[in-house]
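Engineer:
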Amino acid sequence: VDDAPHGRHALVVTVDRDLVEAAAHGDQTAFVDLVRSRGDSLFAIAHRILRDVDRAEDALQDALVIAWRDLPGLRDPDRFDAWIHRLLTNVCIAQATRERRRTAELHVLTLDGPAGPDEFLTVADRDQLDRGFRRLTPDERAILVLHHFVGYPPSEIADLLGVPAGTIRSRLHHAHRAMRAALDADARVSIVGGRSA
Amino acid sequence: MNDRADIDRVLEVWLGDGPSRMPDRVVDVVADRISHQRQRPSWRYLTWRGNHMNGSLRIAAVLAAVLVIGLVGFGLFGLRGSEPVGAPGGSPTTAPSASPASSSTAASPTFDLGVARACDLVTAAELATTLNLSSTVTPDPNISGSNGDVNYCIYRAAGADVLGTSYRKNGGGAVFESWKSNSGVQPVSGLGDEAIWDPTQATLFILKGSSLVSIEGGSTPLTLEVARAVGTIAVTRM
Numbered sequence: 001v002d003d004a005p006h007g008r009h010a011l012v013v014t015v016d017r018d019l020v021e022a023a024a025h026g027d028q029t030a031f032v033d034l035v036r037s038r039g040d041s042l043f044a045i046a047h048r049i050l051r052d053v054d055r056a057e058d059a060l061q062d063a064l065v066i067a068w069r070d071l072p073g074l075r076d077p078d079r080f081d082a083w084i085h086r087l088l089t090n091v092c093i094a095q096a097t098r099e100r101r102r103t104a105e106l107h108v109l110t111l112d113g114p115a116g117p118d119e120f121l122t123v124a125d126r127d128q129l130d131r132g133f134r135r136l137t138p139d140e141r142a143i144l145v146l147h148h149f150v151g152y153p154p155s156e157i158a159d160l161l162g163v164p165a166g167t168i169r170s171r172l173h174h175a176h177r178a179m180r181a182a183l184d185a186d187a188r189v190s191i192v193g194g195r196s197a
Numbered sequence: 001m002n003d004r005a006d007i008d009r010v011l012e013v014w015l016g017d018g019p020s021r022m023p024d025r026v027v028d029v030v031a032d033r034i035s036h037q038r039q040r041p042s043w044r045y046l047t048w049r050g051n052h053m054n055g056s057l058r059i060a061a062v063l064a065a066v067l068v069i070g071l072v073g074f075g076l077f078g079l080r081g082s083e084p085v086g087a088p089g090g091s092p093t094t095a096p097s098a099s100p101a102s103s104s105t106a107a108s109p110t111f112d113l114g115v116a117r118a119c120d121l122v123t124a125a126e127l128a129t130t131l132n133l134s135s136t137v138t139p140d141p142n143i144s145g146s147n148g149d150v151n152y153c154i155y156r157a158a159g160a161d162v163l164g165t166s167y168r169k170n171g172g173g174a175v176f177e178s179w180k181s182n183s184g185v186q187p188v189s190g191l192g193d194e195a196i197w198d199p200t201q202a203t204l205f206i207l208k209g210s211s212l213v214s215i216e217g218g219s220t221p222l223t224l225e226v227a228r229a230v231g232t233i234a235v236t237r238m
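Quick note, the sequences are listed as chains A and B, same order.
So for the first sequence, our numbering puts the first residue at 1; every next one is plus one.
So for the second sequence, our numbering puts the first residue at 1; every next one is plus one.
Quick look at the structure:
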């Protein structure tokens, strides 16, 4: 696993220091402005980790309220995005962990929606990826999303989550292997069983 | 799909699909929720700066800080000898140490520097008794105000913050007046020269001479009754 960033760095938008500082000093309007400017990207991250619109919305709301409460503790406004990504990721991991305990293993899974316009992946591919993803631990899911969707390199994810970089690389490697296995399994089924995409 | 580049591409495409717009109601819900949520004061945190110091760096930083404080203290001792140094504006009869036995020897370099530690106002044992806590209370004194004029202490028990105090040894009058002007503030009798309770912040402020102490809750807000009990102890050492 290399340290090169992947994914969409556009999710990390320019920090408005004035808004962050005002919000840190109790300005609720400034905080709501921050929510408006960051909400879409934060919601997208939460959805990718949790794979569920309602749970992503709940996680986002909780993370934002925690962010409001704890914002005075953020000393460097330029780190606002990394800081709030960390909060959101932790909330999502906690929620995914609770959900995982409740449902143990999901045997019947539904697709999240129709395949996107990109035909690079078939519907079956997406289904298998979804299955593989849900089998990952919440930590691994979050790391995969932070790396491939947000675009953080492993070293930055390590800083973000307070985990050694080696651990992040190891989990990322495991997650990659699991996701690749999910697709390979599908390929085997397609060949042996004649399943069509 | 065995190629590394393939799985990268697959995951980026797959994760790229899906909703990317926050439902509009989130803004309203969050706006409503934060209007009922008090922000924690910044000193409650040892701050997250985005970069985590590793263990050895942290130890090195602590050792360096101790060394600097020691050198400064030694330097001032050398200049001042054993001459007692009273805090400007403070009462000459005030015993600044939490330990009365040590005050006669003027042994505490912290106090000789004119800086009083908030953690010395109430001991961990006293707090545990006052709050009726069965778990061990640990005071964390390693929190300083941004310009060094105020000292903070956070008391923790069972992994949670249970109480926070701040101690401004000098110049507390102006700060006290500022808090006093807040709406809804109630006077509290029998503590120091003057005391107020700010129900919005759930914080007790005690002014004695030019020294100001604030007492507030940790993870859960404090009641005036508990704050007053803690303040009664603290005020004897201000």
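Glycine included, C-beta positions come from ideal geometry on N, C-alpha and C.
Could you tell me whether the Cβ of A:GLU99 comes closer than 7 Å to any Cβ of chain B?
Structural biologist: For the purposes of this step, residue 99 of chain A is taken as the residue at position 99 of the first sequence. Not an interface residue.
Engineer: Is the Cβ of B:SER181 closer than 7 Å to any Cβ of chain A?
Structural biologist: Counting from one through the second sequence, the residue named residue 181 of chain B turns up at place 181. No, because no Cβ of chain A sits closer than 7 Å to the Cβ of B:SER181.
Engineer: What residue from A:ILE66, A:ALA59 and A:ALA46 has the CA that sits closest to A:PHE31's CA?
Structural biologist: Here residue 31 of chain A corresponds to residue number 31 of the first sequence, with the count starting at 1. Measuring from the Cα of A:PHE31, the nearest candidate turns out to be A:ILE66.
Engineer: Using the Cα positions of B:SER20 and B:ARG156, report the straight-line distance between them to the nearest angstrom.
Structural biologist: As a first step, residue 20 of chain B must be located in the second sequence, where it is residue number 20. As a first step, residue 156 of chain B must be located in the second sequence, where it is residue number 156. If you take the alpha carbons of B:SER20 and B:ARG156, they lie about 41 Å apart.
Engineer: When we look at the beta-carbon of B:GLY192 and count the other beta-carbons within 10 Å, is it buried (16 or more) or exposed?
Structural biologist: The residue you call residue 192 of chain B lines up with position 192 of the second sequence. Buried, by the Cβ-count rule.
Engineer: List the whole-angstrom C-beta distance separating A:PRO72 from B:PRO199, where the pair is believed to meet the contact cut-off of C-beta under 8 Å.
Structural biologist: Taking the first sequence and counting its residues from 1, one reaches residue 72 of chain A at position 72. Taking the second sequence and counting its residues from 1, one reaches residue 199 of chain B at position 199. Going by Cβ atoms, the distance from A:PRO72 to B:PRO199 rounds to 20 Å, so no, they are not a contact pair.
Engineer: Could you tell me whether the stretch 138-156 of chain A touches the stretch 10-19 of chain B, where touching means 3 or more Cβ pairs closer than 8 Å?
Structural biologist: Yes, the stretch 138-156 of chain A touches the stretch 10-19 of chain B.
Engineer: In this structure, how does DSSP classify A:ASP52 when only helix, strand and coil are distinguished?
Structural biologist: Looking up residue 52 of chain A in the first sequence gives position 52. Here A:ASP52 sits in coil by DSSP.
Engineer: Rounded to whole angstroms, how far is the Cβ of A:LEU160 from the Cβ of A:ARG86, which I believe are closer than 8 Å?
Structural biologist: One-based indexing of the first sequence puts residue 160 of chain A at position 160. One-based indexing of the first sequence puts residue 86 of chain A at position 86. Confirmed, about 5 Å.
Engineer: Could you check what DSSP says for B:VAL26 in three-state terms: helix, strand or coil?
Structural biologist: Reading the second sequence from its first residue, position 26 is the one you call residue 26 of chain B. Here B:VAL26 sits in helix by DSSP.
Engineer: Taking the alpha helix (DSSP H) that A:ASP139 falls in, what are its first and last residues?
Structural biologist: Your numbering for residue 139 of chain A matches position 139 in the first sequence. Here the alpha helix (DSSP H) through A:ASP139 covers 138-145.
Engineer: Can you tell which of A:ASN90, A:ASP139, A:GLY26 and A:ALA59 has its C-alpha closest to the C-alpha of A:GLY254?
Structural biologist: The question about residue 254 of chain A has no answer here: the residues shown for chain A are numbered 1 through 197.
Engineer: Where does A:THR97 land, buried or exposed, given buried means 16+ other C-beta within 10 angstroms?
Structural biologist: Reading the first sequence from its first residue, position 97 is the one you call residue 97 of chain A. So A:THR97 ends up on the exposed side.
Engineer: How do the stretch 151-170 of chain A and the stretch 122-137 of chain A stand: do at least 3 beta-carbon pairs fall below 8 Å, yes or no?
Structural biologist: Counting Cβ pairs under 8 Å, fewer than three are found: no touch.
Engineer: Does the separation of the CB atoms of A:ALA165 and A:SER155 fall below 7 Å?
Structural biologist: The residue labelled residue 165 of chain A in the question sits at position 165 within the first sequence. The residue labelled residue 155 of chain A in the question sits at position 155 within the first sequence. Going by C-beta atoms, A:ALA165 is nearer than 7 Å to A:SER155.
Engineer: Can you find a C-beta in chain B that's less than 7 Å from the C-beta of A:ASP33?
Structural biologist: Within the first sequence, the letter at position 33 stands for residue 33 of chain A. Judged by the 7 Å Cβ criterion, A:ASP33 is not in contact with chain B.
Engineer: Name the two residues that bound the continuous alpha helix (DSSP H) containing B:ALA202.
Structural biologist: Here the question's residue 202 of chain B lines up with position 202 in the second sequence. Unbroken run through B:ALA202: none, as it is neither H nor E.
Engineer: Just by C-beta distance, which residues in the stretch 8-25 of chain B are closer than 9 Å to chain A?
Structural biologist: Per Cβ criterion, the list reads ASP8, ARG9, VAL10, LEU11, GLU12, VAL13, TRP14, LEU15, GLY16, ASP17, GLY18, PRO19, SER20, ARG21, MET22, PRO23 and ARG25.
Engineer: Using a Cβ cut-off of 8 Å, pull out every chain A residue sitting near B:GLN37, in sequence order please.
Structural biologist: Translated into positions along the second sequence, residue 37 of chain B becomes position 37. Result: VAL65, TRP68 and ARG69.
Engineer: Can the beta-carbon of B:VAL235 be found closer than 7 Å to that of B:ILE206?
Structural biologist: Translated into the one-based positions of the second sequence, residue 235 of chain B becomes position 235. Translated into the one-based positions of the second sequence, residue 206 of chain B becomes position 206. The answer is yes: Cβ separation under 7 Å.
Engineer: Could you compute how far the alpha carbon of A:HIS174 sits from the alpha carbon of A:VAL35?
Structural biologist: In the first sequence, counting from the first residue as 1, residue 174 of chain A sits at position 174. In the first sequence, counting from the first residue as 1, residue 35 of chain A sits at position 35. Each residue's Cα considered, the two are about 34 Å apart.
Engineer: How would you label B:ALA125, buried or exposed, when you count the other beta carbons within 10 angstroms and need 16 or more for buried?
Structural biologist: Locating residue 125 of chain B in the second sequence gives position 125, where the first residue counts as 1. B:ALA125 should be labelled exposed.
Engineer: Distance cutoff 7 Å, beta carbons only. Does B:GLY29 sit that close to anything in chain A?
Structural biologist: As a position in the second sequence, residue 29 of chain B is number 29, starting the count at 1. Per the sequence presented here, residue 29 of chain B reads as Val, with Gly not at that position. Yes, B:VAL29 counts as interfacial toward chain A.
Engineer: What's the C-alpha gap between A:ARG131 and B:ILE196?
Structural biologist: Start at 1 with the first residue of the first sequence, and residue 131 of chain A comes out as number 131. Start at 1 with the first residue of the second sequence, and residue 196 of chain B comes out as number 196. Rounded to the nearest angstrom, the two C-alpha atoms are 59 Å apart.
Engineer: List the residues of chain A that B:PRO41 touches, going by C-beta distances under 7 Å, in chain order.
Structural biologist: Numbered from 1 along the second sequence, position 41 holds the residue referred to as residue 41 of chain B. Going along chain A in sequence order, the residues near B:PRO41 (Cβ under 7 Å) are PRO72.
Engineer: Where do the N-terminal and C-terminal ends of the beta strand (DSSP E) with B:GLN186 fall, by residue?
Structural biologist: The residue given as residue 186 of chain B occupies position 186 in the second sequence. Counting along the chain, the beta strand (DSSP E) containing B:GLN186 begins and ends at 186-188.
Engineer: Taking all protein chains shown into account, decide if B:ARG80 is buried (16 or more other Cβ within 10 angstroms of its Cβ) or exposed.
Structural biologist: The residue given as residue 80 of chain B occupies position 80 in the second sequence. Model confidence at B:ARG80 stands at a pLDDT of 49, short of 50, so the residue's coordinates are unreliable and nothing is read from them.
Engineer: Measuring CB to CB, does A:LEU50 end up less than 7 Å from A:ALA56?
Structural biologist: Within the first sequence, the letter at position 50 stands for residue 50 of chain A. Within the first sequence, the letter at position 56 stands for residue 56 of chain A. Going by C-beta atoms, A:LEU50 is nearer than 7 Å to A:ALA56.
Engineer: Between which two residues does the alpha helix (DSSP H) harbouring B:THR220 extend?
Structural biologist: For the purposes of this step, residue 220 of chain B is taken as the residue at position 220 of the second sequence. Segment: none, B:THR220 is in no alpha helix (DSSP H) and carries neither H nor E.
Engineer: List the residues of chain A that B:ILE154 touches, going by C-beta distances under 8 Å, in chain order.
Structural biologist: Counted from its first residue, the second sequence places residue 154 of chain B at position 154. Those do not exist, as B:ILE154 stays about 12 Å from chain A at its closest Cβ, beyond 8 Å.
Engineer: How would you list, in chain order, the residues of chain B whose beta-carbon sits under 9 Å from the beta-carbon of A:GLN198?
Structural biologist: In this structure chain A extends from 1 to 197, so residue 198 of chain A is not present and cannot be described.
Engineer: Does any C-beta atom of chain B lie closer than 7 Å to the C-beta of A:ASP139?
Structural biologist: Translated into the one-based positions of the first sequence, residue 139 of chain A becomes position 139. No, its Cβ sits nowhere closer than 7 Å to a Cβ of chain B.
Engineer: A:LEU74: which of A:ALA178, A:ARG180 and A:GLY26 sits nearest, CA to CA?
Structural biologist: As a working mapping, residue 74 of chain A is identified with position 74 in the first sequence. For A:LEU74, the nearest C-alpha among the options comes from A:GLY26.
Engineer: What's the call for B:PRO139, buried or exposed, on a 16-neighbour Cβ count within 10 Å?
Structural biologist: Residue 139 of chain B sits at position 139 when you count from the first residue of the second sequence. B:PRO139 comes out buried.
Engineer: Which residues does DSSP list as the beta-bridge partners of B:ILE245?
Structural biologist: Residue numbering for chain B in the displayed model covers 1 to 238; residue 245 of chain B lies beyond these limits and cannot be assessed.
Engineer: Report all residues from its chain with a CB closer than 6 Å to the CB of B:THR203; omit the five preceding and five following residues, and keep chain order.
Structural biologist: Locating residue 203 of chain B in the second sequence gives position 203, where the first residue counts as 1. If we look at B:THR203 and ignore the five residues flanking it on each side, its Cβ neighbours are SER214 and GLU216.
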